[in-house]
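Contents: one structure, followed by commentary.
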Amino acid sequence: MTARLHTTVDGPADAPVLLLGSSLGTTGAMWEPQAAVLAKRFRVIRYDHLGHGRSAVPFGPYTMDLLGCELLRTLDDLDVPWVHYAGLSLGGMVGMWLAAHAPDRVRRLALLCTSASLGPPEQWRDRAATVRAVGLEAVADAVVARWFTPGFAAGRPDVVATHRAMLTATSPAGYAASCEAIATMDLRPDLARIDAPTLVVAGADDRATSVEHAREIVGRIPGARLAVVGAAAHLANVEQPGQVSRLLLDHFDERPGDR
Numbered sequence: 731m732t733a734r735l736h737t738t739v740d741g742p743a744d745a746p747v748l749l750l751g752s753s754l755g756t757t758g759a760m761w762e763p764q765a766a767v768l769a770k771r772f773r774v775i776r777y778d779h780l781g782h783g784r785s786a787v788p789f790g791p792y793t794m795d796l797l798g799c800e801l802l803r804t805l806d807d808l809d810v811p812w813v814h815y816a817g818l819s820l821g822g823m824v825g826m827w828l829a830a831h832a833p834d835r836v837r838r839l840a841l842l843c844t845s846a847s848l849g850p851p852e853q854w855r856d857r858a859a860t861v862r863a864v865g866l867e868a869v870a871d872a873v874v875a876r877w878f879t880p881g882f883a884a885g886r887p888d889v890v891a892t893h894r895a896m897l898t899a900t901s902p903a904g905y906a907a908s909c910e911a912i913a914t915m916d917l918r919p920d921l922a923r924i925d926a927p928t929l930v931v932a933g934a935d936d937r938a939t940s941v942e943h944a945r946e947i948v949g950r951i952p953g954a955r956l957a958v959v960g961a962a963a964h965l966a967n968v969e970q971p972g973q974v975s976r977l978l979l980d981h982f983d984e985r986p987g988d989r
């Protein structure tokens, strides 16, 4: 079956591939602050999750297995044998699944503002039910309030508005089905199997996936290291683009001995 995920590709065709996974309720456009600088060094592939952006919106609920398998199918469709992978929030969850279940496809891994288990399940099922019933406007303000620190939101209302519009343009059915994937997710038993060199990035002010979630991931992935970005909430790559770009460039600069 042909891949159902929409992708955007930038950078030299012969460069190492860096695959970027975005957060719940956004598209690959979330990575715009990093795209140009990363594309100088990598072939950057941004994708929209199933149910998001211009990707297919099959009936839910979704599971992390489904989201991960769709991504593998996309890599096969693009004839990409392996990637470096950076994912934020839902993108990080899919990245952990990918690195654990298809380790030969992930050379280096970066996990940003994410969690291996994000309960309680009822909150995700309730959010899914609300969105299916009345749409994303019902949850948009509360979600976006966790994406940015108050100071950034006050100083950059244009950026906040852009990302809020991205959220509300998401398919309610796709968003709800993705919430249900998070509700049933527990990647913690898989983390010890990840052998890709891993960087875990947390936003110091992230109320959606706190630094404690990052520390748990670091404690379970052999050799993983933690970086905390100050003055950043959940979309740390948007709020602190320079810091995050530097962290990613440094991490994905392959060292001798990398497989």
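Numbering (my numbering), first residue to last: 731 to 989.
All C-beta atoms, glycine included, are put in the ideal place defined by N, C-alpha and C.
Quick caveat, the model's predicted, so the values are computed rather than measured.
The beta strand (DSSP E) with L841 in it runs from where to where?
Mapped onto the sequence shown, residue 841 falls at position 111. First-last of the beta strand (DSSP E) with L841: V836 to L842.
Original post:
For the candidate residues P902, T804 and A759, whose alpha-carbon lies nearest to that of V889?
Top reply: Position 159 of the sequence shown holds residue 889. The residue with the shortest Cα to Cα distance from V889 is A759.
- [ ] Determine, using beta-carbon pairs with one atom in the region 880-894 and one in the region 786-798, whether at least three such pairs fall under 8 angstroms.
- [x] no
If we call anything under 7 angstroms between Cβ atoms a contact, is W827 one with G798? Within the sequence shown, the letter at position 97 stands for residue 827. Within the sequence shown, the letter at position 68 stands for residue 798. In this structure, G798 lies closer than 7 angstroms to W827 by Cβ.
| said: Taking DSSP's pairing of strands, which residues face T737 in a bridge? | reply: Numbered from its first residue, the sequence shown carries residue 737 at position 7. T737 is bridged to Y777.
| N-terminal and C-terminal residue of the alpha helix (DSSP H) that G817 is part of | Taking the sequence shown and counting its residues from 1, one reaches residue 817 at position 87. Where G817 is concerned, there is no enclosing alpha helix (DSSP H), although the beta strand (DSSP E) it sits in stretches over V813 to L818.
Around the Cβ of R976, are there at least 16 other Cβ atoms within 10 angstroms (buried) or fewer (exposed)? Sequence index remark: in the sequence shown, residue 976 carries index 246 (1-based). Counting Cβ neighbours within 10 Å, R976 comes out exposed, since fewer than 16 surround it.
Original post:
Taking buried to mean at least 16 other C-beta atoms within 10 Å of its own C-beta, is L978 buried or exposed?
Top reply: As a first step, residue 978 must be located in the sequence shown, where it is residue number 248. It counts as buried.
Inter-residue spacing [alpha-carbon to alpha-carbon] between A786 and R773: In the sequence shown, counting from the first residue as 1, residue 786 sits at position 56. In the sequence shown, counting from the first residue as 1, residue 773 sits at position 43. A786 and R773: Cα-Cα distance of roughly 24 angstroms.
Point to revise | Option nearest G953 by Cα separation, candidates G865, V930 and E942 | key: If you number the sequence shown from 1, residue 953 lands on position 223. Ranking the options by Cα distance to G953, first place goes to V930.
* Do you know offhand how far V874's Cα is from A895's? -> The count along the sequence shown starts at 1 and reaches residue 874 at position 144. The count along the sequence shown starts at 1 and reaches residue 895 at position 165. Roughly 10 angstroms separates the two Cα atoms.
Next item on the list: In angstroms with no decimal places, state the Cα-to-Cα distance between A745 and I775.
Entry: Along the sequence shown, read from residue 1 onward, the residue named residue 745 stands at position 15. Along the sequence shown, read from residue 1 onward, the residue named residue 775 stands at position 45. So the alpha carbons of these two residues sit roughly 11 angstroms apart.
**Message:** Once DSSP output is grouped into helix, strand and coil, what is the label at V810?
**Reply:** In the sequence shown, counting from the first residue as 1, residue 810 sits at position 80. Reduced to three states, the DSSP call for V810 is coil.
Exercise. Please report how far the alpha carbon of P887 lies from the alpha carbon of V959, in whole angstroms.
Key: Counted from its first residue, the sequence shown places residue 887 at position 157. Counted from its first residue, the sequence shown places residue 959 at position 229. Cα to Cα, P887 sits roughly 21 angstroms from V959.
Check: Is the region 860-868 touching the region 915-923, taking contact as three or more C-beta pairs under 8 angstroms?
Finding: no
Check: Between the region 801-819 and the region 735-751, do at least 3 Cβ pairs fall closer than 8 angstroms?
Finding: yes
Tell me the residue span of the beta strand (DSSP E) that contains A957. The count along the sequence shown starts at 1 and reaches residue 957 at position 227. Segment R955 to V959, the beta strand (DSSP E) holding A957.
Cα separation between R937 and A966?
As a first step, residue 937 must be located in the sequence shown, where it is residue number 207. As a first step, residue 966 must be located in the sequence shown, where it is residue number 236. Roughly 12 angstroms separates the two Cα atoms.
**Item:** Of the listed residues R734, W761, G755 and P742, nearest to E969 (C-alpha basis)
**Value:** Looking up residue 969 in the sequence shown gives position 239. Here the closest residue by C-alpha is W761.
Discussion item. Using the three-state DSSP reduction, which class does L965 fall into: helix, strand or coil?
Written reply: Along the sequence shown, one-based indexing puts residue 965 at 235. Coil.
* To do: Have a look at L820 and S753 and give me their C-alpha separation to the nearest angstrom.
  => As a first step, residue 820 must be located in the sequence shown, where it is residue number 90. As a first step, residue 753 must be located in the sequence shown, where it is residue number 23. Cα-Cα distance, rounded: 5 angstroms.
| said: Let me check one thing: in DSSP terms, what residues is L749 bridge-paired to? | reply: Counted from its first residue, the sequence shown places residue 749 at position 19. L749 pairs with I775 and Y815.
Exercise for review: Would you check if the distance between the CB atom of A957 and the CB atom of R838 is smaller than 7 angstroms?
Suggested key: The count along the sequence shown starts at 1 and reaches residue 957 at position 227. The count along the sequence shown starts at 1 and reaches residue 838 at position 108. No; because the gap between Cβ atoms is not below 7 angstroms, this pair is not in contact.
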